[in-house]
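*Asks:*
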Amino acid sequence: MAVKGVQSLATGLRVLELVSRHQPVGASEVARLMGLHKSVVHRALITLGEEGWIRPFGEPPAVRWVVTGRALSVGSAFAAEAAAREQAHQLLRQLSAESGETVLLSVRDGDRLLVVDAVESTQPLKVTFPVGTSTTVDLETAAGEALLAGMADAEVVELLGEEAARAWFPRRADYVRRGYATQTHPASPLWAVATHLPVAPDGSAAVVVIAVPQHRCDRASLERLGERLVELARITRRTG
Numbered sequence: 001m002a003v004k005g006v007q008s009l010a011t012g013l014r015v016l017e018l019v020s021r022h023q024p025v026g027a028s029e030v031a032r033l034m035g036l037h038k039s040v041v042h043r044a045l046i047t048l049g050e051e052g053w054i055r056p057f058g059e060p061p062a063v064r065w066v067v068t069g070r071a072l073s074v075g076s077a078f079a080a081e082a083a084a085r086e087q088a089h090q091l092l093r094q095l096s097a098e099s100g101e102t103v104l105l106s107v108r109d110g111d112r113l114l115v116v117d118a119v120e121s122t123q124p125l126k127v128t129f130p131v132g133t134s135t136t137v138d139l140e141t142a143a144g145e146a147l148l149a150g151m152a153d154a155e156v157v158e159l160l161g162e163e164a165a166r167a168w169f170p171r172r173a174d175y176v177r178r179g180y181a182t183q184t185h186p187a188s189p190l191w192a193v194a195t196h197l198p199v200a201p202d203g204s205a206a207v208v209v210i211a212v213p214q215h216r217c218d219r220a221s222l223e224r225l226g227e228r229l230v231e232l233a234r235i236t237r238r239t240g
């Protein structure tokens, strides 16, 4: 059975949105824009005011409403994250231009990795991971290892389980030393190098991956890509 939303909450959110767009604005105008009775809109405005999302502007009977810093802080948080994502995209573009390879930005989605941005190689034969591609967090991949290296111990244990996490922790020292993880299995047609990168105001980590067809790469060139990846990612963190 479908779960119905809370109508009063939906109304309140629509009122808040209209106040932010048309402020300072009165109850009558909001009611007209929404096609609702003025009394319904008035109750929503009073509730939003009591909760600190909006405040009255002017004197009765011509009271109008404007948003407060609390509402603006929500928008600011979204804008900050959007700016961080744009900065990460610029990193992807530069890495792809320099390497000639596909570069991905993936984030943790539960126990999986989700591709949220990608700049594809312009070469005829290339690695392709469309945005929205979801893969398991695999310790044998550069992306999986880089993600885990950027997570707190407790998060790693939660994701892998106690035994697997304890077995993996000693391997993290090599990642810390280099700043990146590599994927160079001889039997795999796909090689890769990855590092973790904070891309949100709360510091949550994403993974930047350079994906290379094996025939176009050797271990030495992959290590050089890793060093360049770390260098540019460090600049991104510093200026973010």
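Numbering (full-length UniProt numbering), first residue to last: 1 to 240. We put the beta carbon where it would ideally sit given N, CA and C, even for glycine. Quantities reported herein were computed from a predicted structural model and do not represent experimental measurements.
#1: How long is the line joining the alpha carbons of Thr-102 and Ile-210, rounded to whole angstroms?
#2: Near Thr-136, what residues of its chain come up, given a Cβ to Cβ distance below 8 angstroms and the 5 sequence neighbours on each side ignored?
#3: Does the structure place the segment 167-184 close enough to the segment 218-229 that three or more beta carbon pairs sit under 8 angstroms?
#4: Could you have a look at Trp-53 and say whether DSSP puts it in helix, strand or coil?
#5: If you run the structure through DSSP and keep just helix, strand and coil, what is Ser-99?
#6: Could you round the C-beta distance between His-196 and Gly-150 to whole angstroms and report it? I think they count as a contact, below 8 angstroms.
#7: Keeping to the same chain, check which residues put their C-beta closer than 7 angstroms to that of Gln-94; ignore five residues upstream and five downstream.
#8: Rounded C-beta distance between Ala-206 and Ser-134? I'm assuming under 8 angstroms.
#9: Sort Glu-50, Pro-130, Glu-86 by Cα distance to Thr-236 and report the nearest one.
#10: Near Asp-109, what residues of its chain come up, given a Cβ to Cβ distance below 8 angstroms and the 5 sequence neighbours on each side ignored?
#11: Given a threshold of 16 other Cβ atoms within 10 Å of its Cβ, counted over all protein chains shown, does Ala-192 qualify as buried or as exposed?
#12: Can you give me the Cβ contacts of Thr-122 inside the same chain, cut-off strictly under 8 angstroms, excluding the 5 residues immediately before and after it?
#13: For Phe-57, which residues in the same chain have their Cβ closer than 8 angstroms to its Cβ, ignoring the five residues on either side in sequence?
#14: List the DSSP bridge partners of Asp-117.
#15: On the DSSP bridge list, what partners appear for Ala-146?
#16: State the start and end residues of the unbroken alpha helix (DSSP H) segment that holds Gln-183.
#17: By the three-class DSSP mapping on this structure, what secondary structure does Val-209 have?
#18: Hey, quick one: how far does the alpha helix (DSSP H) through Thr-11 stretch, first residue to last?
#19: Just the C-alpha distance for Val-157 and Ala-146, rounded to the nearest angstrom, thanks.
*Replies:* So, to answer that:
#1: Taking the sequence shown and counting its residues from 1, the one referred to as residue 102 is at position 102. Taking the sequence shown and counting its residues from 1, the one referred to as residue 210 is at position 210. Using only the alpha carbons, I get a separation of about 6 angstroms.
#2: Within the sequence shown, the letter at position 136 stands for residue 136. Around Thr-136: Asp-111, Arg-112, Leu-113, Gly-144.
#3: yes
#4: Along the sequence shown, one-based indexing puts residue 53 at 53. Trp-53: coil per DSSP, three-state reduction.
#5: Start at 1 with the first residue of the sequence shown, and residue 99 comes out as number 99. Ser-99 falls in the helix class under three-state DSSP.
#6: Here residue 196 refers to the residue found at position 196 of the sequence shown. Here residue 150 refers to the residue found at position 150 of the sequence shown. The pair is a contact, with the Cβ atoms about 3 angstroms apart (cut-off 8 angstroms).
#7: Numbered from its first residue, the sequence shown carries residue 94 at position 94. Excluding sequence neighbours, Gln-94 sits near Leu-232.
#8: Stepping through the sequence shown from its first residue, residue 206 is reached at position 206. Stepping through the sequence shown from its first residue, residue 134 is reached at position 134. In fact, because the Cβ distance is near 14 angstroms, the residues do not count as touching under 8 angstroms.
#9: Taking the sequence shown and counting its residues from 1, the one referred to as residue 236 is at position 236. The shortest C-alpha separation from Thr-236 is found at Glu-86.
#10: Numbered from its first residue, the sequence shown carries residue 109 at position 109. So the list reads Ser-134, once near-sequence residues are dropped.
#11: Taking the sequence shown and counting its residues from 1, the one referred to as residue 192 is at position 192. Classification of Ala-192: buried, given that the 10 Å Cβ count is 16 or more.
#12: As a first step, residue 122 is located in the sequence shown; it is residue number 122 there, counting from the start. Only Gly-100 meet the Cβ criterion.
#13: Numbered from its first residue, the sequence shown carries residue 57 at position 57. Same-chain partners within the cutoff: Gln-23, Pro-24, Val-63, Arg-64, Trp-65, Val-66.
#14: Reading the sequence shown from its first residue, position 117 is the one you call residue 117. Answer by DSSP bridge pairing, in chain order: Leu-105.
#15: By one-based count along the sequence shown, residue 146 stands at place 146. For Ala-146, which the question treats as bridged, DSSP gives no partner whatsoever.
#16: Translated into positions along the sequence shown, residue 183 becomes position 183. Gln-183 -> not in any alpha helix (DSSP H); beta strand (DSSP E) instead, spanning 181-183.
#17: Here residue 209 refers to the residue found at position 209 when the sequence shown is read from its first residue. DSSP places Val-209 in strand when its eight states are reduced to three.
#18: As a working mapping, residue 11 is identified with position 11 in the sequence shown. Here the alpha helix (DSSP H) through Thr-11 covers 7-22.
#19: Working through the sequence shown from its first residue, we reach residue 157 at position 157. Working through the sequence shown from its first residue, we reach residue 146 at position 146. Spanning the two alpha carbons is a distance of roughly 15 angstroms.
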